[in-house]
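In my numbering, the protein residues as written are 86 to 335.
Worksheet for the structure shown next.
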């Protein structure tokens, strides 16, 4: 990760980066945006922004054809998202307090394949309704305490290969089970620190997912895992492996 000012970009632009992680120490100036945009090889940009990074900073993402962009701690608003047409495949909003349901409506015209929404407190169930318009293959919802089973139901039209739910405290076993019943292409599932979810409550639904090969669970679910439960899963899904966060269990 490069910690940069506008002046530092003059040195970075000479390097043929395809992926760049930047911690911006100041909002980008007009010259800074165009210096970054001159990096024609750049396809993936991760921005750690701070409170100074606003809608003006988002303009740089529209100056060249990025495939992937991540915003962390950005003050970007719907005004900044509106009328921005980019061929984005991957998008992350992490700690972006001004991202709302309308933000996802605006983005529903993008050809997004991967979307991460983390700690965006103004997103509600209505936001997930817009995701059914996207060709999403991977979805991460983290620290989304206002998302409920009703919101999950809006995702049933998607054909996800990867699903991650972390610290989504209003989701229940019934809502997750109903969603999983529609996700026959699901290959990886991560469930961690969701207070109302129990492995006992949804594990039988996992046995119907014949393409599932990787389950990652938090320590609170690990305590529920029994040998009988694991045997049932492995008999139903032969390539199946289970992990606890960063380590393999079986």
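Glycine included, each C-beta is placed from N, C-alpha and C at the ideal position.
- Residues of the same chain with a CB within less than 6 Å of the CB of residue 268, apart from the 5 flanking positions on each side, are 245 in chain order.
- Judged by their CB atoms, residue 255 and residue 230 are nearer to each other than the 8 Å cut-off.
- Annotation for residue 294: 271 place their beta carbon closer than 6 Å to its own, counting only its chain and skipping 5 residues before and after.
- The criterion of a C-beta distance shorter than 8 Å is not satisfied by residue 202 and residue 221.
- Taking a 10 Å sphere around the C-beta of residue 313, we find fewer than 16 other C-beta atoms and assign the residue as exposed.
- As for any beta strand (DSSP E) of minimum length 3 sitting wholly inside the stretch 186 to 238, the runs are 199 to 203, 223 to 227, ordered along the chain.
- The residue from 237, 179, 207 with its alpha-carbon nearest to that of residue 200 is 179.
- In the three-state DSSP reduction, residue 252 falls in the coil class, being neither helix nor strand.
- For residue 244, DSSP assigns no beta-bridge partner whatsoever.
- Taking residue 183 as the centre and dropping the five residues before and after it, the same chain places the C-beta of 160, 161, 162 closer than 7 Å to its C-beta, in chain order.
- Where residue 287 is concerned, the enclosing alpha helix (DSSP H) starts and stops at 284 to 291.
- A straight-line Cα-Cα distance of about 11 Å links residue 275 and residue 306.
- The C-alpha of residue 167 lies about 11 Å from the C-alpha of residue 193.
- Here residue 326 carries a strand assignment [DSSP, helix/strand/coil].
- The C-beta distance from residue 213 to residue 236 rounds to 4 Å, short enough to meet the 8 Å contact threshold.
- At the C-beta level, residue 174 and residue 188 stay beyond 8 Å of one another.
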